[in-house]
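Right, one structure below, let's go through it.
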DNA sequence: ATTTATCTTGCAAATTCTTCCAAAATCTTC
DNA sequence: GAAGATTTTGGAAGAATTTGCAAGATAAAT
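Chains as they are written, first to last, in this note's numbering: chain F, 35 to 297; chain Z, 35 to 297.
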């Protein structure tokens, strides 16, 4: 294995786990801790990660659409606007499949008045409605994937394959004119099952997802009925999507900034 | 585990429980309270939580009732003692079914070190482990029953009927020599499925359940392998249970708030 | 006012980081 | 191909950081 390849593997591994100790990395790539140290120094200078005492950390864990923290501040206001706009697409008493993912979580926050029937595999979404009596929430079973708070595995896939719903509101890692991709291979099967289960497919993607491509392809644009994004989405790509028959909804920019926690 | 990772886990754990004591946090991440103190100071400066006397609290309480309802319930200390005693019955790498119910929730709090495989239909239990990597948690699917944070319905029953586990740790509404009863009729089917799925059946019942009868009969004493209760359980009934071959474990009374004679 | 619990501070032990050096691997030149 | 130069790798010693403990200070409880 070349040094380049090794650095690449360190990067990739770190993307998956967010944190890793020196020992862990050195075992994973099969070199001494000294070499890993040197690699980390180079990679940090290149800006792809951040060293910490005892290991290293990814630079922008927040850009992970499926990160567990439901109230992450990363593009909070944009996601909130998207959530509001997307919730308006839902009619009363419709059955809605909600994907896991922070943007979709914000949609959920605005769904309570619609009193729909909700199906999800996201623990944060389930918690959100757990005390609300207006909404009936069905949680798919499965194994809890710790970092993300998502239920995964064959049980989850099976649950969605048996389901039928009016709308599916989905997250993803990236969108281009070639289609929609996602970074978490574990979720792809589940998302495909969701797509099959719902009549209408809506993707909620903030502008940072536009033009990005993640590792695993999820579906083509022909499957997508609508995309809800914020007003900072690149105009050319929005136009391109509309040309291909996808309805694109631009959520209006939020008036006031996100409430920053001041102590 | 790196320091960075540890801080992240503290944050995540706190998101789940809203408030946690120093002791609790230090056990969860496996370092001394001194180190947790230092971490909390850093995290507070970073604005992600708020320190309090004796622990720390999240900034934006989302009043997630589940993680919390188990906490401020009455007979907290008895349940905590039962939880600790019951957790000791579980061996490493065993598969455990956890019923919904506050007493069983306290068992879950002490299970993390055992690193078992956990199957449950309780959202609070799922949330408890959502950020812990040591434990594999399988959540049964189903409809969320709002007030209790439990998954119910045919999906849940079916999930447990397909399952096999070493131990089932159960809650109930009452116990007499005639058997065990429960007040939530909705849960009876699910509990019966749990009983079928597990080889060993353990009931966790604080002393207030002894001699009580709820509306729906759940099972006879012959199905029960062990009962964990606190030291205030009525002696005659305990003796009666033992005569019938049920192992009864009396959790030692909690150490704390015994009124110290200060003259 | 006393007692208890919790917090801060200082310090020694342990861990991790940097820097340097020799061995191994790779590249250059013939 | 082979010999020498260059780069890379793995390890070791000292510097820096982090951790856990203990004693005094502070805050809550009774």
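Cβ coordinates follow ideal geometry from the N, Cα and C atoms, glycine included.
Beta-carbon spacing of residue i, residue j below 9 Å
i, j, result
"residue 121 of chain Z", "residue 144 of chain Z", "yes"
"residue 133 of chain F", "residue 225 of chain F", "yes"
"residue 235 of chain Z", "residue 264 of chain Z", "no"
"residue 136 of chain Z", "residue 168 of chain Z", "no"
"residue 138 of chain F", "residue 156 of chain F", "yes"
"residue 262 of chain F", "residue 116 of chain F", "yes"
"residue 54 of chain F", "residue 283 of chain F", "no"
"residue 213 of chain Z", "residue 255 of chain Z", "yes"
"residue 56 of chain F", "residue 71 of chain F", "yes"
"residue 141 of chain Z", "residue 253 of chain Z", "no"
"residue 158 of chain Z", "residue 126 of chain Z", "no"
"residue 191 of chain F", "residue 227 of chain F", "yes"
"residue 229 of chain Z", "residue 257 of chain Z", "yes"
"residue 243 of chain Z", "residue 269 of chain Z", "no"
"residue 166 of chain F", "residue 199 of chain F", "no"
"residue 175 of chain Z", "residue 189 of chain Z", "yes"
"residue 92 of chain F", "residue 48 of chain F", "yes"
"residue 45 of chain F", "residue 83 of chain F", "yes"
"residue 148 of chain Z", "residue 124 of chain Z", "yes"
"residue 266 of chain Z", "residue 245 of chain Z", "no"
"residue 62 of chain Z", "residue 43 of chain Z", "yes"
"residue 35 of chain F", "residue 64 of chain F", "yes"
Residue i - DSSP class collapsed to helix/strand/coil
i, result
"residue 139 of chain F", "helix"
"residue 168 of chain Z", "coil"
"residue 145 of chain F", "coil"
"residue 232 of chain Z", "strand"
"residue 222 of chain F", "helix"
"residue 273 of chain Z", "helix"
"residue 279 of chain Z", "coil"
"residue 69 of chain F", "helix"
"residue 123 of chain F", "coil"
"residue 134 of chain F", "coil"
"residue 104 of chain Z", "With a pLDDT of 49 at residue 104 of chain Z, under the threshold of 50, the modelled position of this residue cannot be trusted; read the value that follows with caution. If DSSP states are grouped into helix, strand and coil, residue 104 of chain Z belongs with coil."
"residue 40 of chain Z", "helix"
"residue 112 of chain F", "helix"
Bridge partners - residue i, DSSP secondary structure assignment
i, result
"residue 200 of chain F", "According to DSSP, residue 200 of chain F bridges with nothing at all."
"residue 213 of chain Z", "Z:210"
"residue 264 of chain Z", "Z:285"
"residue 76 of chain F", "In the DSSP output, where bridge partners are listed per residue, residue 76 of chain F has none listed."
"residue 156 of chain F", "F:184"
"residue 84 of chain F", "F:91"
"residue 64 of chain Z", "Its beta-bridge partners do not exist; DSSP assigns none."
"residue 244 of chain F", "F:209"
"residue 47 of chain Z", "Paired residue(s): none; residue 47 of chain Z is not in a bridge."
"residue 250 of chain Z", "Z:216"
"residue 55 of chain Z", "Z:89"
"residue 176 of chain Z", "F:173"
"residue 191 of chain F", "DSSP, once it has assigned bridges, lists no residue as partnering residue 191 of chain F."
"residue 151 of chain Z", "Z:129 and Z:170"
"residue 237 of chain Z", "Z:204 and Z:261"
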